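Heads up: the structure comes next, in structure tokens.
Number of protein chains: 2
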Amino acid sequence: MKIYNREQITAVTGLTEDALAAVEAGFAALGRGEVTMPPVLSMNISESNGEVDVKTAHIRGKDRFAIKISPGFFDNPKLGLPSLNGLMVLFSAKTGMVDSVLFDEGYLTDIRTALAGAIAARHLSREDSRSVAVIGAGLQAELQVAALGLVRPIREVHVFARNADRMEAYQELMEQKYGLPVTMHPSAASACAQADIVVTTTPASSPVLHWQDLRPGTHVTAMGSDNSHKQELEPAILANADVLVVDRRSQSETIGELHHFPGDFTGPVLELGTLIAEHMQPRTSPAQITVCDLSGTGVQDTAIADYTAARLAG
Amino acid sequence: MKIYNREQITAVTGLTEDALAAVEAGFAALGRGEVTMPPVLSMNISESNGEVDVKTAHIRGKDRFAIKISPGFFDNPKLGLPSLNGLMVLFSAKTGMVDSVLFDEGYLTDIRTALAGAIAARHLSREDSRSVAVIGAGLQAELQVAALGLVRPIREVHVFARNADRMEAYQELMEQKYGLPVTMHPSAASACAQADIVVTTTPASSPVLHWQDLRPGTHVTAMGSDNSHKQELEPAILANADVLVVDRRSQSETIGELHHFPGDFTGPVLELGTLIAEHMQPRTSPAQITVCDLSGTGVQDTAIADYTAARLAG
């Protein structure tokens with residue numbers, strides 16, 4: 001059994017083509033029905049404004065599977081600690097023995113989440129997408145844009161966040177770290193007005209993006225909602241989109257955007273894995289609006305953990 | 001963050017009065033409604049005849065909670081490896097930071113499971129119970145009897161197991177290790193004929209114990225079933241018992257004995273935690289037959305892990 005810390009993990013895994021390929025292969029296996037993925041285990045610890053989620057999946061034929069434990073304690077910043085944390089434990093899929101423990105402190109979740117956004121954009125956005133609007137100014141606002149650069153020729157960023165200080169810090173970071181010009185906006189609508197791709201990255205519990213904010217041809221990835229009380233998209237976006245994709249329908253209906261759709265959602269919904277496995281090209285015109293809701297799946301965790309452990313051991 | 005191995009853990013935690021008190025306090029908190037305990041996460045890995053369960057619970061006011069990961073890979077003995085395995089991760093209930101990792105390889109599960117049997121017997125069996133019948137001859141057949149010694153004056157053991165070699169090995173072990181005389185029996189009925197307490201400790205998928213096997217005054221603990229396909233008790237035992245107790249009703253109905261009851265179970269069912277919290281004495285005569293179904297709860301895991309970590313740190 002091997003134990004790795006965050007420093008060792010960040011040295012081998014990042015927002016790269018091959019990490020993206022590993023996560024995409026996990027989604028494809030899910031789409032081919034080759035993945036066992038139980039529902040998320042979730043526990044609230046209300047006295048500390050905390051929660052903990054456990055996700056897992058086994059990809060048929062893979063030697064290892066991961067179990068990921070993700071605590072989120074939202075009063076931590078008051079203590080000078082990060083809200084998110086966690087670790088992944090890799091097990092042999094042959095014997096159940098512990099293979100390795102990745103004390104990544106949530107890093108691999110950040111990476112696989114950003115890569116899922118890039119994978120969605122690769123299959124749904126216009127190939128010439130060069131402008132991204134980001135709602136929110138946290139870590140995923142950074143990583144989603146960085147990951148999009150793996151699949152689309154991103155040249156400019158538009159941001160809207162409620163907190164003006166964080167929005168300014170984001171502008172500075174993205175310009176310095178990635179050389180990307182960032183324009184700050186007073187509203188989501190304004191940020192989206194010049195965007196080919198829109199990514200919502202907030203912990204919002206009511207819509208931060210509305211159908212009327214979107215211009216024709218936009219692709220939207222909503223990655224914030226992963227809990228029944230969270231919601232980023234006005235339901236009209238789900239109803240009116242030309243193409244609606246989710247990472248896992250059962251999750252979107254319980255902890256993602258479909259959970260908030262009034263009544264039953266009767267329109268067509270594609271799963272991202274199916275789309276990849278079957279080489280579908282759901283966007284059939286540059287004017288269509290495509291939407292992908294990501295709630296975060298265990299198969300991404302197993303895929304990125306297996307990828308990381310192989311690199312650490314190699 | 002601290003990491004402990006099995007050797008360190010076995011040195012501080014075993015079948016003792018204070019470990020029993022720790023687990024009993026966990027059940028009592030559950031009975032008082034002070035525990036958050038989500039449903040078990042369970043995943044099958046059928047290509048390896050394996051499964052993995054994740055259990056957790058938070059006891060209000062406690063500084064730590066545990067998440068336990070228990071793989072069971074039932075072809076492992078062919079490879080010279082144990083079937084059961086696992087670890088517990090303790091987190092701060094204030095910040096979600098990892099407090100410690102207990103690489104106990106399933107040891108603490110064995111202990112807290114045996115202690116739950118003793119707790120059930122303390123509250124349900126006759127105080128003068130001195131004779132135990134055990135169905136099965138594995139590790140729990142040993143530990144359940146050893147733990148019963150904490151709460152009742154156990155003087156003799158009767159065993160029935162299908163595998164005669166294992167039954168003989170069990171007889172030898174119990175006599176040498178605990179000085180307890182063990183009588184081997186050709187059937188469960190025969191073993192139960194002289195027993196005050198009966199414990200079923202098998203992975204059976206059809207009843208190993210029948211109502212007609214039980215003499216008046218017996219207490220039965222069924223600890224084997226923890227999966228929807230497992231069953232140890234004939235449903236008539238549940239229906240006819242004077243007192244029926246379960247560790248967690250929702251679990252008994254999905255992965256325990258109540259799951260196999262034909263139709264809805266309409267009789268009274270007590271939870272073990274309620275009984276402890278409310279100082280109930282459900283046995284009102286020495287002739288009554290009491291039954292407790294244990295499927296294993298996350299609160300036991302958090303209780304034993306917290307107890308162990310405190311001793312390791314102290």
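Residue numbers (UniProt numbering), protein chains in the order written: chain A, 1 to 314; chain B, 1 to 314.
Just so you know, even glycine gets a beta-carbon here, dropped at the ideal spot from N, CA and C.
From a predicted model like this one, the values you see are computed outputs, not experimental measurements.
Local Cβ density within 10 Å of residue i, reported as buried at 16 or more and exposed below that
i, result
"B/Ala169", "exposed"
"B/Met1", "exposed"
"A/Glu47", "exposed"
"A/Gly31", "buried"
"B/Asp196", "buried"
"A/His229", "exposed"
"A/Leu79", "exposed"
"B/Gln176", "exposed"
"B/Ala114", "buried"
"B/Ala141", "buried"
"A/Ala309", "buried"
"B/Asp264", "exposed"
"A/Asp99", "buried"
"A/Asp293", "buried"
For residue i: DSSP bridge partner residues
i, result
"A/Met167", "Answer by DSSP bridge pairing: none, since A/Met167 is not bridged."
"B/Arg64", "B/Ser92"
"A/Pro39", "Answer by DSSP bridge pairing: none, since A/Pro39 is not bridged."
"B/Val208", "Looking at the DSSP assignment, B/Val208 forms no beta bridge with any residue, so it has no partner."
"B/Cys292", "B/Thr221, B/Val245"
"B/Ser100", "B/Lys2, B/Leu90"
"B/His158", "B/Ala133, B/Thr183"
"A/Ile111", "Looking at the DSSP assignment, A/Ile111 forms no beta bridge with any residue, so it has no partner."
"A/Val52", "A/Met43, A/Pro71"
"B/His58", "B/Thr36"
"B/Val269", "In DSSP, B/Val269 forms no bridge with anything."
"A/Ile304", "Paired residues: none, contrary to the question."
Beta-carbon contacts of residue i that lie in its chain and below 6 angstroms, excluding the five residues immediately before and after
i, result
"B/Ala22", "Ala303, Tyr307"
"B/Pro286", "Arg126, Gly217"
"A/Phe103", "Asn5, Leu87"
"B/Ser311", "Residue identity differs from the one stated: residue 311 of chain B is Arg in this sequence, not Ser. The answer, listed in chain order, is Val12."
"B/Ala66", "Met88, Leu90, Asp301, Thr302, Ala305"
"B/Thr183", "His158"
Supposed close pair residue i, residue j - CB separation, criterion 8 angstroms
i, j, result
"B/Leu124", "B/Glu17", "Wrong, their Cβ atoms sit about 19 angstroms apart, outside the cutoff."
"B/Val208", "B/Thr200", "6 angstroms"
"A/Ile255", "A/Val35", "Actually they do not touch by this definition, with Cβ atoms about 18 angstroms apart."
"B/Arg64", "B/Leu90", "5 angstroms"
"residue 345 of chain A", "B/Pro82", "No statement about residue 345 of chain A is possible, as the shown extent of chain A runs from 1 to 314 and does not include it."
"B/Gly273", "B/Phe27", "4 angstroms"
"A/Ala189", "A/Gln231", "Not confirmed; about 18 angstroms, so no contact."
"A/Ala147", "A/Gly106", "Actually they do not touch by this definition, with Cβ atoms about 16 angstroms apart."
Proximal residues to residue i (C-beta, below 8 angstroms), its chain only, five neighbours per side dropped
i, result
"B/Val145", "Val132, Val134, Ile154, Val157, Met174, Tyr178, Leu180, Val199"
"B/Asn49", "Phe73, Phe74, Asp75"
"A/Ile111", "Thr13, Gly14, Leu15, Ala19, Leu143, Ile304"
"A/Cys192", "Ala133, His158, Val198, Leu209, Asp213, Leu214, Arg215, Thr218"
"A/Phe261", "Pro235, Leu238, Ala239"
"B/Pro186", "Phe160"
"A/Lys62", "Ala93, Thr302, Asp306"
"B/Val101", "Met1, Lys2, Ile3, Tyr4, Leu87, Met88, Val89, Leu90"
"B/Thr109", "Lys68, Ser70, Leu84, Gly86, Gly296, Asp301"
"A/Arg130", "Arg152, Pro153, Ile154, Arg155, Glu156, Asp196"
"A/Glu271", "Leu30, Gly31, Val245, Val246, Asp247, Arg248, Arg249"
"A/Ser206", "Gln231"
"A/Val269", "Leu244, Val245, Val246, Arg249, Ser252, Leu258"
"B/Gly163", "For the record, residue 163 of chain B in the displayed sequence is Asn; it is not Gly. Excluding sequence neighbours, B/Asn163 sits near Ala137."
Same chain, Cβ closer than 7 angstroms to residue i, neighbours up to 5 away in sequence not counted
i, result
"B/Glu24", "Ile119, Ile276"
"B/Ser295", "Ser225, Asp226, Asp247, Arg248, Gln251, Ser252, Ile255, Gly256"
"B/Arg166", "Ala137"
"B/Pro71", "Gly50, Val52, Asn85, Gly86"
"A/Ala241", "Ile289, Thr290, Val291"
"A/Thr202", "Ile135, Gly136, Val208, Gly224, Glu232"
"B/Gln194", "Ser131, His158"
"B/Trp211", "Glu234, Ala236, Ile237, Asn240"
"B/Leu139", "Asp110"
Just checking, does the region 296 to 306 of chain B make contact with the region 57 to 76 of chain B on the three C-beta pairs under 8 angstroms criterion? Counting Cβ pairs under 8 angstroms, three or more are found: they touch.
Say whether the region 266 to 278 of chain A touches the region 2 to 12 of chain B, bearing in mind that this needs 3 or more beta-carbon pairs closer than 8 angstroms, one atom from each stretch. no
Three or more beta-carbon pairs under 8 angstroms between the region 141 to 160 of chain B and the region 170 to 179 of chain B, yes or no? A contact exists between the region 141 to 160 of chain B and the region 170 to 179 of chain B.
Taking 8 angstroms as the threshold, find out whether the region 243 to 262 of chain A comes into contact with the region 116 to 130 of chain A through three or more Cβ pairs. yes
Check whether the region 67 to 75 of chain B touches the region 95 to 111 of chain A, taking contact to mean three or more Cβ pairs, one atom from each stretch, closer than 8 angstroms. yes
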